[in-house]
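Residues in the sequence shown are numbered consecutively from 1, following full-length UniProt numbering.
C-beta: ideal position from N, C-alpha, C; glycine also.
Since the model is a prediction, treat every value here as computed from it, not as a measurement.
Working notes for the structure below.
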Amino acid sequence: MLDLVIGARRKDPGGFEVGRVLPFMRRRMVGPFIFFDHMGPVDLPPQVPRTTDVRPHPHIGLSTVTYLFDGEIMHRDSTGAQQAIRPGAVNWMTAGSGISHSERFDGPIRQSGGRVHGIQAWVALPEAQEEMEPSFIHHGAEDLPVFGEAGVSARLIAGRAFGLTNPVRNQSPLFYVHAELQAGGRIGIPSEYPERAAYVVGGRVEADGRDYGPGQMLVFAGRSDPVLTALEASTVMLLGGEPLGPRHIWWNFVSSRQDRIEQAKADWQSGRIHLPLNDDQEFIPLPEDPKPAPEPMS
């Protein structure tokens, strides 16, 4: 049963707008997903200024998941990872006890410009793994399971769903799917998870007798078997999983404990969270309370 519809709120983290969906006042999380941003689509001009880049910034207690439909972003982090993020690939960064990373337009898009379009999500870590060792994992599009039927093609970005298992390592039961639907195509929402949602990236879909369009997240309650029907060619993200319990969130920090958030603030200010090994000449300073600066994309 459809429980809630969340509309994306437009924000500008620096350089272009994103649609902020989670967290929301009436729904902080869907399963372990605690943050969900729709980035773009935006057509960047040639000679993209460095002010559009996301400078190094910290995280604790979560994994960031960056997934692109168009464009390219260069990821660098304090584990030493450096990876070009491209469409269809998964870049899963686990912050754990503390990590910093940057996202820059250092590839061909810097000189020539081009379209950037994607989703930036955070997945909260279970309490027992909140202080795990930071890590970064990349899987190209060719590594991810794909499935389909008449009018539907889909890729399992992470977790388990539709009888498939994804190679991306995650710490709690979840699913995350990118689905492309032709007009008339139908796809169900995995019923084995207690918290589930569908986000309409583009097009229009029907659910429970009503239609929904871009920028709307449909949150489902109970163990029902909702089905989405595309009224036109549509792109949809399906997500959810087992709930983890309440989480505190401040700027880029997520934790089950408020005192851990305070410690992360002090760690970033004092330099105890190291900067990316190949990008250590600048960083985003800690925002001032009670009005934090705009959040980075992920």
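Bridge partner(s) assigned by DSSP for residue i
i: Thr79; result: Its beta-bridge partners do not exist; DSSP assigns none.
i: Met39; result: Val18, Gly118
i: residue 335; result: With the chain covering 1 to 298 only, the question about residue 335 has no answer from this structure.
i: residue 305; result: This structure leaves residue 305 out entirely; the chain is present only between 1 and 298.
i: Arg9; result: Arg20
i: Asn91; result: Thr66, His138
i: Ala84; result: Met74
i: Arg104; result: Met74
i: Val219; result: Leu4, Ala197
i: Asp208; result: Paired residue(s): none; Asp208 is not in a bridge.
i: Ser255; result: His248
i: Arg27; result: Phe24
i: Glu149; result: Val152
i: Leu44; result: Gly114
i: Gly202; result: Thr235
i: Leu228; result: Ile187
i: Gly213; result: Answer is none; Gly213 lacks a bridge partner.
Per-residue DSSP class, three states only, for residue i
i: Arg247; result: coil
i: Pro173; result: coil
i: Ala124; result: strand
i: Arg50; result: helix
i: Glu195; result: strand
i: Gln281; result: coil
i: Ile261; result: helix
i: Pro58; result: strand
i: Ile99; result: strand
i: Ile187; result: strand
i: Ala161; result: strand
i: Ala154; result: strand
i: Ser112; result: helix
i: Ser270; result: helix
Residue i and residue j closer than 8 Å at C-beta
i: Pro285; j: Pro56; result: no
i: Glu181; j: Ala150; result: It should be noted that the sequence gives Leu, not Glu, for residue 181. No, they are not a contact pair.
i: Val18; j: Leu62; result: no
i: Gly31; j: Glu195; result: yes
i: Asp37; j: Met74; result: no
i: Arg76; j: Asn278; result: yes
i: residue 300; j: Ile119; result: In the structure displayed, the chain extends from 1 to 298; residue 300 sits before or after that span and is not available.
i: Leu228; j: Ala198; result: yes
i: Trp92; j: Ile34; result: no
i: residue 301; j: His274; result: The structure shown does not extend to residue 301, since the chain spans only 1 to 298, so no value can be given for it.
i: Leu2; j: Asp208; result: yes
i: Ala183; j: Leu238; result: no
i: Gly213; j: Val201; result: no
i: Gly245; j: Ser255; result: no
i: Val205; j: Ala121; result: no
i: Ala154; j: Gly163; result: no
i: Ser100; j: Pro126; result: no
i: Leu68; j: Arg86; result: yes
i: residue 314; j: Gly203; result: As shown, the chain starts at 1 and ends at 298. That puts residue 314 outside it, with no answer to give.
7 Å CB neighbourhood of residue i in its chain, flanking five on each side removed
i: Ile27; result: The question names Ile, yet the displayed sequence has Arg at residue 27. Once the five neighbours on either side are set aside, the close Cβ partners of Arg27 are Leu4, Ile6, Val219.
i: His139; result: Ala89, Val90, Pro167, Val168
i: Phe24; result: Ile6
i: Asp143; result: Pro167
i: Lys11; result: Glu17, Val18, Arg20, Pro294
i: Trp268; result: Pro58, Leu286
Check: residue i C-beta below 7 Å from any heavy atom of the ligand FMN
i: Pro134; result: With respect to the ligand FMN, the structure offers nothing, as it holds no ligand at all.
Cutoff 6 Å; reference residue i; Cβ partners in own chain excluding five residues on either side
i: Ile60; result: Ala95, Gly98, Phe253, Ala264
i: Pro190; result: Ala161, Phe175
i: Asp280; result: none
i: Ala158; result: Asn166, Val168, Asn170, Tyr176
i: Trp250; result: Ile261
i: Ala141; result: Gly88, Ala89
i: His248; result: Ser255, Gln258, Ile261
i: Gly80; result: Leu277
i: Ala221; result: Met1, Asp3
i: Gly185; result: Gly151, Val152, Ala230
i: Gln82; result: Arg76, Asn278
Beta-carbon proximity list for residue i, same chain, < 8 Å, skipping 5 on both sides
i: Val42; result: Phe16, Glu17, Arg115, Val116, His117
i: residue 299; result: This structure cannot settle anything about residue 299, because the visible part of the chain is limited to 1 through 298.
i: Glu282; result: Arg55, Pro56
i: Ile109; result: Leu44, Val48, Gly71, Glu72, Val116
i: residue 386; result: Summary: the structure shown does not reach residue 386, with the chain confined to residues 1 through 298, and so no result is reported for it.
i: Gly216; result: It is worth fixing the name first, because residue 216 is Gln in this sequence and not Gly. Only Val5, Ile6, Gly7, Ala8, Tyr199, Val200 meet the Cβ criterion.
i: Glu232; result: Ala183, Gly203, Arg204
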